Amino acid sequence: MLKVADLMTQEVFTLRQSDTLKTARSMMSLARIRHIPIVGERLEFQGLLTHRDILTATLSQFAEVDRPTRDEIDSGIPIVEIMRTDVTTISPDLPLQEAAQILLNHKYGCLPVVKEGLLEGIITEADFLKLTIRLMEALEGNLPE
Numbered sequence: 012m013l014k015v016a017d018l019m020t021q022e023v024f025t026l027r028q029s030d031t032l033k034t035a036r037s038m039m040s041l042a043r044i045r046h047i048p049i050v051g052e053r054l055e056f057q058g059l060l061t062h063r064d065i066l067t068a069t070l071s072q073f074a075e076v077d078r079p080t081r082d083e084i085d086s087g088i089p090i091v092e093i094m095r096t097d098v099t100t101i102s103p104d105l106p107l108q109e110a111a112q113i114l115l116n117h118k119y120g121c122l123p124v125v126k127e128g129l130l131e132g133i134i135t136e137a138d139f140l141k142l143t144i145r146l147m148e149a150l151e152g153n154l155p156e
């Protein structure tokens with residue numbers, strides 16, 4: 012049986028509570044990610060910041076504010092003010108099907124993978140889509156023509 016550890020991303024981009032909104036926005040843009048776990052010094056999981064959280068916390072793009080002004084404002088907003096702390100986490104030993112069911116039932120985009128309070132990785136909708144594509148390719152390769 013496949014476990015979360017078999018599919019999760021282990022090399023995760025993380026930030027600290029003291030980092031700023033500007034840093035988070037830059038990381039998401041450069042790394043092309045939508046979820047950033049927030050951790051302490053020893054990788055203890057403290058919360059999650061999502062692209063949606065950032066959109067909610069920032070000025071509307073329709074506001075007439077130039078980029079340098081927005082960056083200056085974002086530099087003064089610590090992540091701790093906008094991150095989520097009431098986050099569902101899962102164990103790396105959880106069966107993969109259960110993790111998929113949690114994502115689906117709660118409409119989450121990701122689940123941080125935590126063991127003994129420490130961040131071990133993250134599993135996202137994209138991870139399940141990649142798995143689905145691999146499974147479909149394997150099925151198609153085994154089907155008679």
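The sequence shown begins at 12 in this note's numbering and counts up one residue at a time.
Glycine included, C-beta positions come from ideal geometry on N, C-alpha and C.
Computed from a predicted structure; not experimentally measured.
Residue of the options minimising C-alpha distance to residue i
i: Thr99; options: Leu114, Ile65 and Ile44; result: Leu114
i: Ile93; options: Leu59, Val125, Ala137 and Thr143; result: Leu59
i: Leu66; options: His46, Val50, Gln57 and Pro79; result: His46
i: Gln28; options: Thr96, Glu22 and Arg78; result: Thr96
i: Leu129; options: Glu151, Pro106, Ile101 and Lys141; result: Ile101
Residues that DSSP places opposite residue i in a beta bridge
i: Gly58; result: Ile49
Reduced DSSP secondary structure (H/G/I, E/B, other) of residue i
i: Pro103; result: coil
i: Thr96; result: coil
i: Lys33; result: helix
i: Val76; result: coil
i: Lys118; result: coil
Outcome for residue i when other beta-carbon atoms lying within 10 angstroms are tallied against a minimum of 16
i: Phe87; result: The identity of residue 87 in the sequence shown is Gly, whereas the question assumes Phe. With fewer than 16 Cβ atoms within 10 Å of its Cβ, Gly87 is classed as exposed.
i: Asp85; result: buried
i: Met19; result: buried
i: Gln112; result: exposed
i: Gln108; result: exposed
i: Thr80; result: exposed
i: Gln57; result: buried
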